[in-house]
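Colleague: I am attaching a structure below and will ask some questions about it afterwards.
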Amino acid sequence: MVSAMTVRGTATWGVALLSVLAVTAYDATAAAAAGENSRTARPGSASATDTLATPDIVGLREVLRTAVSQGAPGAMARIVDNGTAHNVAVGVADRATGRAIDNVDRFRAGSVTKSFSAVVLLQLVDEGALELDNAVNAYLPGLLPDDRITVRHVLSHRSGLYDYTNDMFANTVPGFEAVRNKVFSYQELVNLSLEKPLGNAPGAAYSYSNTNFVVAGMLIEKLTGDSVSAAYTSRIIQPLNLRDTSYVHPTTTIAGRHAKGYLPPDQPGALVDSTEQTVSWAQSAGAIISSTRDLDNFFSALFRGKLMSAAQLTQMQQWVTVNSTQGYGLGLRRRDLSCGISVYGHTGTVQGYYTYAFTSKDGARTVTALANTSNNGTVLNTLAGTLESAFCGKPAKNLMSRSTATVEQYEDIAPGIARD
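Add 67 to a position in the sequence shown, counting from 1, and you land on the number used in the numbering used here.
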């Protein structure tokens, strides 16, 4: 059981959220012959986001079609603009049955989980249980080899901790099959990382590593006295009424209607159905299951100040440079778009699924996009075009002409390995 103090009064403010965040839910409809569907909900109140260009729904559909032509069995996206929801989907959720993919489908959201983990830890800062600039070893004595590694370093990928997935998934399909049904402890994953030296001095450089958010999970469990699952549920999922979102580690299945995930091998060959797995290799770094609706609501709520104090939301946006068009805060990405605006959220890669989930600064416009494939950098780069369509209102081809160097090809699984 989670105490009332741990929940932070979520029963009171969680109910209030429903009127702010609720968007009309839709029943699935039969797909057209082309395997596409698009629906729009009724509008809500105006906000500062009215200054943004109108979302380009035609361009959005073209981005998704392109992703399917590049090897994704299906792709879908949901834009919410001041309460108006636009749902677009192309292709299939299940190759065996041919069922069309739809925005009601759940999926594995990969490293979007990192934003959930960061939110919980920043709530703990608000509660006085954690300080960002304290050493991780102050809370987890002896865990890390350098007492200079702080909580802030971990949440901003500046700890220098080696990403164990570089070795785990050096060979994509064999690596996946070796861990598909395996259950790791957090300590085992940290130990895999510590077989290699730190890549840089603590705080010296940004270097994406899943190990950082394994440590985040350990901090959550130590400071709350409960499981990561309980923390996500009581602090985020229940207050926001995220009814499609769950953390079921080490259960291997996705409950309810969902899109199957398909993993291409490194060399041309048959796609592997990667839907069922423990995701124990990632846990608090990447094991959340969700939907486009729920992730839109999550990031909107975050930037509307519904999940933490303004002071901690400011801390979450202390950016370190990733490249010329990206920054990383505390479990949060910033992407700078071609129209001169920045958007905030996270990407996710887990075997068989690519996710983009981002919001405007005021939380009034969001987009979440999903392709049910992975190990395909071309699709990953293409899916970034959904941000341009959602926030810039420009045809996706404007993004396609830009350098793909603006996107990390393998953001969440083995980012240190280049596969062309």
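Beta carbons: idealized from backbone N, C-alpha and C, even for Gly.
Considering only the beta carbon of each residue, do Thr217 and Leu199 sit closer than 8 Å?
Modeller: yes
Colleague: Leu307: which of Val295, Gly242 and Arg360 sits nearest, CA to CA?
Modeller: If we check each option's Cα against that of Leu307, Arg360 comes out closest.
Colleague: Could you pull the start and end residues of the alpha helix (DSSP H) that Ala298 belongs to?
Modeller: For Ala298, the uninterrupted alpha helix (DSSP H) run begins and ends at Val295 to Tyr299, by DSSP.
Colleague: Give the range of the alpha helix (DSSP H) segment to which Arg514 is assigned.
Modeller: In this structure the chain extends from 68 to 487, so residue 514 is not present and cannot be described.
Colleague: Rounding to the nearest angstrom, what Cα-Cα distance links Val410 and Asn149 in this structure?
Modeller: 16 Å
Colleague: So for Gln393, helix, strand or coil by DSSP?
Modeller: Looking at Gln393 - three-state DSSP - the assignment turns out to be strand.
Colleague: When we look at the beta-carbon of Lys249 and count the other beta-carbons within 10 Å, is it buried (16 or more) or exposed?
Modeller: exposed
Colleague: Using 8 Å for Cβ pairs, my map puts Ala326 next to Leu228. What's the rounded Cβ distance?
Modeller: Cβ atoms of Ala326 and Leu228 stay farther apart than 8 Å, at about 32 Å.
Colleague: Suppose the cutoff is 6 Å on Cβ atoms and the five residues either side in sequence are ignored; what does the same chain contact list for Gly430 look like?
Modeller: Its chain contains Ser367, Phe370 and Arg371 as the residues whose beta carbon lies nearer than 6 Å to that of Gly430, once the 5 sequence neighbours on both sides are disregarded; these appear in chain order.
Colleague: Going by C-alpha to C-alpha distance, which of Gly158, Ala120 and Val147 sits closest to Gly138?
Modeller: Gly158
Colleague: Taking a contact to mean a Cβ-Cβ separation below 8 Å, would you say Met383 touches Gly396 in this structure?
Modeller: In terms of Cβ geometry, Met383 and Gly396 form a close pair [threshold 8 Å].
Colleague: Do you know offhand how far Met450's Cα is from Arg310's?
Modeller: One detail in the question is off: residue 450 reads as Leu in this sequence, not Met. Straight-line Cα distance between these residues: approximately 25 Å.
Colleague: For Pro140, which option in Asp123, Thr164 and Ser252 has the closest C-alpha, if you only look at C-alpha atoms?
Modeller: Thr164
Colleague: Quick check on the burial criterion: 16 or more other C-beta atoms within 10 angstroms. Buried or exposed for Cys406?
Modeller: exposed
Colleague: For Asp293 and Val125, I'd like the C-alpha separation in whole angstroms.
Modeller: 46 Å
Colleague: Could you tell me the alpha carbon to alpha carbon distance between Ala113 and Arg324, rounded to whole angstroms?
Modeller: Confidence at Ala113 is low in this model, with a pLDDT of 42, below 50, so the placement of that residue should be treated as unreliable; the coordinate-derived value is given next. Taking the straight line joining both Cα atoms gives about 33 Å.
Colleague: Give the single residue among Ala245, Pro335 and Tyr231 whose Cα lies nearest to the Cα of Phe280.
Modeller: When only C-alpha atoms are compared, the closest one is Tyr231.
Colleague: Assuming Phe425 and Thr416 make a contact with CB atoms under 8 Å, what is their CB distance in whole Å?
Modeller: Not confirmed; about 15 Å, so no contact.
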